[in-house]
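Position 21 of the sequence shown, counted from 1, bears residue number 20 in numbering that gives the first Met the number 0, the numbering being contiguous throughout.
Here the structure is laid out as structure tokens; the discussion comes afterwards.
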Amino acid sequence: MKIAVIGNSCSGKTTLSRQLAKHYKMTQSLIHVDSIQFLSGMQLRDPKETCEVLNKIAEHDEWIIDGLGPLRTIENRLERADQIICIRIPLWQNYWWCVKRQIKGLFFRRPELPSGCFESTPRQTFRLMKTIWNVHHGLWVQLDRIFLRDIYRGKVIYVRSSKEFSALLKRYK
């Protein structure tokens, strides 16, 4: 089974992916794009290198990949996925969850980030909020066009609200 969990930053991808990994007993096959895309100190890995790593992982027989990454790797991953869960909560909800995550990050480090990554700084918060805006107003337009292709019919589950998100989490508990 290959499951792609995509969504904006702070949309709950990792929470859902962990639940899916437990449910399907695939914890060893759970991949976080953030763990590949970021290096120590919240530095971004070279996009070519990120693409190479993600594309190699997508060739495996079994995975749950949580995150976006460069568009060219997203398309490759989506084509190979058996199921795609697309979390598209409203922008205001994304920002609210972002604020909560950044506050929590003052006290707890996200385990999927490489060591030496501290994301709850003003600089990283601004970068994160800018990313949320750009994904919401740019990447989703491109992904909507991609999802119109026949190969995605019946393969995509959309999550459009916190209520739908909670229901999906319960389904996999």
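Even glycine gets a Cβ: it sits at the ideal position worked out from N, Cα and C.
Since this is a predicted model, take the numbers as computed values, not measurements.
Original post:
Can you give the Cα-Cα distance for Gly-185 and Ile-30, rounded to whole angstroms?
Top reply: Outside the shown range of the chain, which is 0 to 172, sits residue 185, and nothing can be said about it.
Original post:
Which whole runs of the alpha helix (DSSP H) in the stretch 100-168 are 4 residues long or more, in chain order?
Top reply: 121-133, 139-146
Subject >> Asp-143 classed as buried or exposed, judged by whether at least 16 other C-beta atoms fall within 10 angstroms >> reply: exposed
**OP:** Using DSSP bridges, identify the partner residues of Gln-18.
**Re:** Gln-18 is not bridged to any residue.
Original post:
Between Cys-85 and Arg-71, is the Cβ-Cβ spacing less than 8 Å?
Top reply: no
Original post:
Buried or exposed: which applies to Asn-133, given that a residue is buried once 16 or more other Cβ atoms fall within 10 Å of its Cβ?
Top reply: exposed
**OP:** Alpha carbon to alpha carbon, how far is Lys-162 from Pro-113? Give it in angstroms, no decimals.
**Re:** 31 Å
Subject >> Own chain, CB closer than 8 Å to Gln-36, minus 5 neighbours either side, in chain order >> reply: Leu-43, Arg-44, Thr-49, Gly-66, Gly-68
Original post:
How many angstroms separate the CA atom of Cys-116 from the CA atom of Ser-39?
Top reply: Roughly 5 Å between the two C-alpha positions.
Subject >> Cβ pair Phe-164, Ile-88 closer than 8 Å >> reply: yes
**OP:** May I have the straight-line CA-CA distance separating Glu-58 from Asn-93, to the nearest angstrom?
**Re:** Between Glu-58 and Asn-93, the C-alpha separation is close to 31 Å.
Subject >> Residue environment, Val-140, which counts as buried when at least 16 other CB atoms sit within 10 Å >> reply: Exposed, since its Cβ has fewer than 16 Cβ neighbours within 10 Å.
Subject >> Among Ala-166, Cys-9, Arg-170, Ser-16, nearest to Ile-83 - alpha-carbon criterion >> reply: Comparing Cα positions, the closest option is Ser-16.
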